[in-house]
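Per the numbering used here, residue 15 is the first one in the sequence shown, and the count goes up by one each step.
For reference, the structure is listed below as structure tokens.
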Amino acid sequence: MKLYGVFKNRVKPGWVFSQNGNMWRFVFAGRHAIAGETRDTEKNILYIFALNTLTGNTYIKNYLFENGNYRIAIEGANSSMIFLNRFDNPELPYHKNIIALDIHTGRKLWEHGEYNYFFCTEDKLYGIKQKFESAEFAELDMIDGSVVCVFPETQNSFIYGLKKKSDEELFDENVNYPCDWNPSDNDLNTGENECISGIIRKEIENKDNKGAVEYVRKDNLIIFNYYIPAGTDVKDINRMFYRNILCVYDISGSEKLFEDILNDKSNFNVPDNFFTRDNILYYLREKKEIVCVNLANIP
């Protein structure tokens, strides 16, 4: 979405994905896939999707597992499988069971009812069973969901360590999440950081910015968002709307390269609407779309 009809983006999104419902959750499934869910909160319908991050081509879209059973949620995924859970109460979603789907077709492969999902890698799946004062862990077979082995309690710290290592490997894959920009932070007002703060101040100057500014530094680029007033609710004049704007700037030249509107009318500040992975910028637009921009394609 173009903001003021003057600025022309230097790069176009590589792909944009949307389906029925509001974007609820998505996870990376291996190096080149995303699996996720959207929800229609009025009709209580769950839709599942999976797509290729390189092309944006979908494997499954608007997929109604068990006719859109609302009391199911995505737990995790790898490059071949999506793992779901069940819960009884949406207000207190205690997770139970592990359901495995083929990521390319949505076909149900198996369901396991003894252990809950703990974490997975490309070739291992670990389940957890909560006990009164401890937890029991098991490795499950990826093919049929059967128990491969149950770990003695003395190995619990080892399993927690495996999960921590798996999480660290996932988040260390050149993933950058936004952090708050504090204009009074001395570290952001010296050297090259001073240039970054100058760019942000230049962008938000005279725009009545409301709320926090979040930013990501990616090589010679600074990516940030900010909020400006977008009018009042015609049904409640005391209720303000805010427009959430995303910008990408070249740091060395202080030049704007890309901009878009994340939310045209938001009731409040919504954090973590964007992040980068490798040279790709991902962001959510209007809670409906995942947008992918290849930063390496910016001339």
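No residue lacks a Cβ here, since even glycine has one placed at the ideal position from N, Cα and C.
Put Tyr-174 into one of helix, strand or coil per three-state DSSP. In this structure, Tyr-174 counts as helix in the three-state DSSP scheme.
Lys-216 classed as buried or exposed, judged by whether at least 16 other C-beta atoms fall within 10 angstroms: When all chains shown are included, Lys-216 counts as exposed.
For the segment 297-313 against the segment 260-280, do three or more pairs of beta-carbon atoms, one drawn from each stretch, fall closer than 8 angstroms, so that the two count as touching? With a cut-off of 8 angstroms, the segment 260-280 and the segment 297-313 count as touching, because enough Cβ pairs lie within range.
Option nearest Cys-209 by Cα separation, candidates Trp-195, Leu-276 and Lys-221: Trp-195
Which partner residues of Arg-257 appear in the DSSP bridge assignment? Ile-242
Evaluate the contact criterion for the segment 148-155 versus the segment 98-110: three or more CB pairs, one atom per stretch, below 8 angstroms. no
Is it true that the CB of Thr-290 sits closer than 9 angstroms to the CB of Asn-190? Yes, these two residues count as a Cβ contact at 9 angstroms.
If I follow the unbroken beta strand (DSSP E) through Ser-280, where does it start and stop? 269-280
On the DSSP bridge assignment, give the partners of Asn-99 in chain order. Listed as beta-bridge partners of Asn-99 by DSSP are Ala-87.
Simplified DSSP state of Ile-210, which is helix, strand or coil: helix
Does Ser-266 pass the burial test, meaning 16 or more other C-beta atoms within 10 Å, or should it be called exposed? Taking all protein chains shown into account, Ser-266 has fewer than 16 neighbouring C-beta atoms within 10 Å of its C-beta and is therefore exposed.
Going by DSSP, name the residue or residues bridged to Ser-32. Glu-303
Nearest to Phe-40 (by Cα), restricted to the options Asp-264, Asn-83, Gly-90 and Val-162: Gly-90
Output the boundary residues of the beta strand (DSSP E) element that contains Gln-144. 139-144
Opening and closing residue of the beta strand (DSSP E) in which Glu-125 lies: In the DSSP assignment, Glu-125 falls within the beta strand (DSSP E) that extends over 122-126.
What number of angstroms, rounded off, separates the C-alpha of Gln-144 from the C-alpha of Asn-188? The alpha-carbon atoms of Gln-144 and Asn-188 are separated by roughly 33 angstroms.
Through-space distance from Val-305 to Val-227, alpha-carbon basis: 20 angstroms
Trp-29 vs Arg-53 beta-carbon contact at 9 angstroms: no
Pop quiz: Tyr-129 and Gly-120 are said to be a contact at Cβ under 8 angstroms. What is the actual Cβ separation, rounded to whole angstroms? Between Gly-120 and Tyr-129 the Cβ distance is about 23 angstroms, and since that is not below 8 angstroms, they are no contact.
Measure the alpha-carbon distance for Glu-219 versus Tyr-241 and round it to whole angstroms. 12 angstroms
CB contact flag (Pro-192, Asp-286, <9 angstroms): Against a cut-off of 9 angstroms, the Cβ pair of Asp-286 and Pro-192 comes out as a contact.
Identity of the residue in Leu-115, Leu-176 and Phe-146 nearest Lys-138 by Cα: Leu-176
Under 9 angstroms, do Ile-88 and Arg-100 count as touching if we go by C-beta distance? Going by C-beta atoms, Ile-88 is not nearer than 9 angstroms to Arg-100.
Within this structure, are the beta carbons of Phe-272 and Arg-24 separated by less than 9 angstroms? The criterion of a C-beta distance shorter than 9 angstroms is satisfied by Phe-272 and Arg-24.
Ignore the nearest five residues each way along the sequence and tell me which others in Ser-280's own chain have a CB closer than 7 angstroms to its CB. Phe-255, Tyr-256 and Asn-258
What's the C-alpha gap between Ala-47 and Asn-308? 15 angstroms
Look up Ile-294 in the DSSP assignment and say whether it is helix, strand or coil. strand
I think Asn-58 touches Tyr-84, with their Cβ atoms under 8 angstroms apart; what is that distance to the nearest whole Å? 4 angstroms
Following the continuous beta strand (DSSP E) through Ala-226, name the residue where it begins and the one where it ends. Neither: Ala-226 is in no beta strand (DSSP E) and is coded neither H nor E.
Rounded to the nearest angstrom, how far is the Cβ of Gly-159 from that of Asn-92, given a contact under 8 angstroms? Incorrect: roughly 14 angstroms between the Cβ atoms, too far for contact.
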